[in-house]
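Asks: For the protein sequence lines, the chains are H and W, in the order given.
For the first sequence, the positions run 1 to 110 when this note's numbering is used.
For the second sequence, the positions run 111 to 280 when this note's numbering is used.
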Amino acid sequence: MDIKAYIILSLALFTIGIVGVLVRRNAIIIFMCVELMLNAVNLLLVAFSKMHAMSTAAKASPYFASDAQVFVFFIMVVAAAEVSVGLAIIVMMYRNVHTVDVNFLNRLKN
Amino acid sequence: MNLTTLVFILLSVMAIGSAIMMISSKSPVHSVLWLIVVFFAISGHYILLNAQFLAIVNIIVYAGAIMVLFLFVVMLMNLNAETEPVKNYRLQLVGVITGGALLLVLVSAVMKIDVEQLVEMKVGDQGLIKVLGMNLFKNYVVPFEISSVLFLSAMIGAVVIGKKDETANH
């Protein structure tokens, strides 16, 4: 499989995430779209790691091409921490304004 | 067209279609369920690339833990299609056009490259748990330990933020 197929697939998923952030007003859905963008990047990192595994430098050392997959592992770690804090913030916002609509958070404007 | 290409196309259509359904469905519960389908499709891609450890971790951590947390919060707030806030039609159209223009520019830039660079499918031991574990605990021990501090601070932060403020009198 060509690497371009994976690049285009990841770009499509990432763009859908961006469109979701722009289009939706529910804070939870916006947060889920951010998770989708993180996953698109993870998929691209794994694809690049397997592309790198085809090279002659990677054949010499078995750990050479697995660096990108360790990075994906750390991205998942950070995403899990981010979700716990972000959902706590959304719950606190819901308790204060009784809605998850992000348009109610424009008080800094006036 | 061989079987690998067919599976790739099937998983890609599943991922993109479910992602579009996620951002377009009215009910937040349906959005969460569609996002779980996207994560399963991405795990299928990992298996196709022989990244077995990441495929299992993706299902356990994302589909199993994070999305259940999302579902829990959605049901805690009792959100449904009636309480869903809707943007006006023109802003939605502008958002879709902006995203489509970005996708068009990026895809056309990628398609201009005429270098054929192949990806190793179904074989290779880079994604196996033995190689990944050796790499993680040989070369990435310090980031691994720092991530435990990150988890501790995230846990304390979530508790402090989510706690009811008892000193405030309103």
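A virtual CB, placed ideally from N, CA and C, is assigned to each residue, including glycine.
Values in this document were obtained by computation on a predicted structure and should not be read as measured data.
#1: Assuming I130/W is part of the alpha helix (DSSP H), what are its boundary residues?
#2: Does DSSP put D224/W in a helix, a strand or coil?
#3: Give me the residue from F64/H, M32/H, I28/H with the minimum Cα distance to D235/W.
#4: Measuring alpha carbon to alpha carbon, tell me which residue in I7/H, M1/H, V34/H is nearest S218/W.
#5: Does any residue of chain W bring its CB to less than 9 Å from the CB of L9/H?
#6: Name the residue from V85/H, G17/H, F104/H whose alpha carbon lies nearest to the alpha carbon of V206/W.
#7: On the premise that A40/H lies in contact with L22/H, defined as a C-beta separation below 8 Å, what is that separation, rounded to the nearest angstrom?
#8: Rounded to a whole number of angstroms, what is the C-alpha to C-alpha distance between S55/H and G237/W?
#9: Below 9 Å on C-beta distance, what does A60/H contact in chain W?
#10: Quick check on the DSSP output: the alpha helix (DSSP H) that includes Q69/H runs from which residue to which?
#11: Quick one: list the residues of chain W neighbouring I3/H, beta-carbon separation under 8 Å, in chain order.
#12: Whole-angstrom Cβ separation of I146/W and A173/W, contact assumed at under 8 Å?
#13: Is N26/H helix, strand or coil by DSSP?
#14: Which same chain residues, not among the five before or five after V184/W, have their C-beta less than 8 Å away from its C-beta?
#15: Please report whether the beta-carbon of V100/H lies at a distance below 9 Å from any beta-carbon of chain W.
#16: Could you name the residues of chain H that M187/W contacts, counting a contact when the two beta carbons are closer than 7 Å?
#17: Please list the terminal residues of the continuous alpha helix (DSSP H) segment that includes Q98/W.
#18: Taking Cβ-Cβ distances shorter than 7 Å, what residues in chain W pair up with A57/H?
Replies: The structure says:
#1: 113-134
#2: Residue state for D224/W is assigned as coil, using DSSP reduced to three classes.
#3: F64/H
#4: I7/H
#5: yes
#6: Minimum Cα distance to V206/W is reached at G17/H.
#7: Not quite, the Cβ-Cβ distance comes to about 16 Å (not below 8 Å), so this is no contact.
#8: 16 Å
#9: The contact set of A60/H on chain W, defined by CB atoms closer than 9 Å, is empty, because the minimum CB distance reaches about 13 Å.
#10: 67-97
#11: Simply Q227, L228, V229.
#12: 5 Å
#13: strand
#14: P138, V139, V142
#15: Judged by the 9 Å Cβ criterion, V100/H is in contact with chain W.
#16: Residues of chain H whose Cβ lies closer than 7 Å to the Cβ of M187/W are, in chain order, Y94, V100.
#17: Look at the range of chain W in this structure, 111 to 280, and you will see that residue 98/W is not part of it.
#18: By Cβ distance, chain W contributes nothing, its closest Cβ being about 13 Å from A57/H, past 7 Å.
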